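From first to last, the protein sequence lines stand for chains A and B.
For the first sequence, our numbering assigns the number 1 to the initial residue and increments by one for each residue that follows.
For the second sequence, our numbering assigns the number 1001 to the initial residue and increments by one for each residue that follows.
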Amino acid sequence: MSVFLEIVVSILLVLGSIVTLIGSIGLAKFPDYFTRLHAPTKASTVGVGCILIASMIFFSVELGHVNLKEALISIFLLITAPVAAHMLAKAGLHYKVNMKENTQNQHLAKKAYLHKSPDDE
Amino acid sequence: MLSYAILISCGLIGCALALNAWRLIIGPTTPDRIIAVDTMYINSIALIILLGLYQGSPSYYEGALLIALLGFVSTSAFCKYLLRGDIIE
């Protein structure tokens, strides 16, 4: 493996793991359910995508032919992460989780907050 | 150089998994805990791919793909349970 490719793979690995760590810090530190939902669903996808691209480059060079198996995981994550985030946001609205008063666009949640929460009973 | 990069990445993703576990323990509501589990399976995919890179064998990819599939199915099942009170109606 040439030095240039090794540098590219190393930079992609470290960059991807730093982005993943930033997403998890956001999940741990943000004050509000909907801001916490926002942080990891984007950052983890980008970080894991970087790591999968690094793995694709490494194994393509190592095995001598183009290896696109990891692209399957990347495409699957790109498709399913927004769907999972949408379902989690709907579950949060249904549960009437507490919002901070400076969270933006609160009027959009007003209609969903009219019904009775499962926790209120 | 590549082995050092893999070790550094493993450390950073381990920190990320620890933060997710922290949110899983303290999470004030049930949806918070579901987000923590959802993020944990995505990070564990990265950890398994890093193990495959470290050992130089491409056969860990099947395990990562299996975790990706079952993780999405479990997240949607949890959300369905919260929304409807039942998974298969």
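Heads up, the beta-carbon is just placed ideally off N, CA and C, and yes, glycines get one too.
This one's a predicted model, so the numbers in the text were calculated from it and none came from an experiment.
Looking at the secondary structure, which residues open and close the alpha helix (DSSP H) in which D1038 of chain B lies?
Looking at the DSSP string, the run of the alpha helix (DSSP H) that includes D1038 of chain B is 1030-1055.
So if I threshold CB-CB distances at 7 Å, which residues from the segment 88-112 of chain A count as touching chain B?
Flagged, chain order: L88, K90, A91, G92, H94, Y95, V97.
How long is the line joining the alpha carbons of A1016 of chain B and D1032 of chain B, rounded to whole angstroms?
Approximately 16 Å, taken between the alpha carbons.
Specify, as a first and last residue, the run of the alpha helix (DSSP H) that M56 of chain A falls within.
Note, M56 of chain A: alpha helix (DSSP H), 33-63.
Could you name the residues of chain A that S1076 of chain B contacts, counting a contact when the two beta carbons are closer than 8 Å?
The contacting residues are V83, A84, M87.
Could you name the residues of the segment 46-77 of chain A whose beta carbon sits closer than 8 Å to any beta carbon of chain B, in the order they occur along the chain?
Result list: G47, V48, I51, L52, A54, S55, F58, F59, E62, L63, N67, K69, E70, L72, I73, F76, L77.
Check N1020 of chain B in the structure and name its three-state DSSP category.
In the structure shown, N1020 of chain B sits in a helix (DSSP, three-state: H, G or I).
Give a yes or no on whether the C-beta atoms belonging to T45 of chain A and A81 of chain A are separated by under 7 Å.
Yes, the pair counts as a contact, with Cβ atoms nearer than the cut-off.
Just curious, the alpha helix (DSSP H) that L15 of chain A is in, first and last residue?
Note, L15 of chain A: alpha helix (DSSP H), 3-29.
Would you mind telling me which residues of chain A sit closer than 8 Å to S1009 of chain B, beta carbon to beta carbon, in chain order?
Those are L13, V14, G16, S17, I51, listed as they occur along chain A.
Quick check on the DSSP output: the alpha helix (DSSP H) that includes Y1061 of chain B runs from which residue to which?
Unbroken alpha helix (DSSP H) run through Y1061 of chain B: 1061-1084.
Quick test of the definition: if touching needs 3 or more C-beta pairs under 8 Å, does the segment 42-61 of chain A touch the segment 9-20 of chain A?
The segment 42-61 of chain A, when compared against the segment 9-20 of chain A, does touch it at the 8 Å Cβ threshold.
Contact defined as beta carbons within less than 8 Å: I believe I1045 of chain B pairs with I73 of chain A. What is the distance between those atoms, to the nearest angstrom?
At roughly 7 Å, the Cβ-Cβ gap stays under 8 Å, so I1045 of chain B and I73 of chain A are in contact.
Please classify V83 of chain A: does DSSP put it in a helix, a strand, or coil?
Three-state DSSP puts V83 of chain A in a helix.
Starting from L128 of chain A, trace the alpha helix (DSSP H) in both directions and tell me its first and last residue.
Outside the displayed range of chain A (1 to 121) lies residue 128 of chain A, so it cannot be described from this structure.
How big is the Cα-Cα spacing for N102 of chain A and L1053 of chain B?
So the alpha carbons of these two residues sit roughly 44 Å apart.
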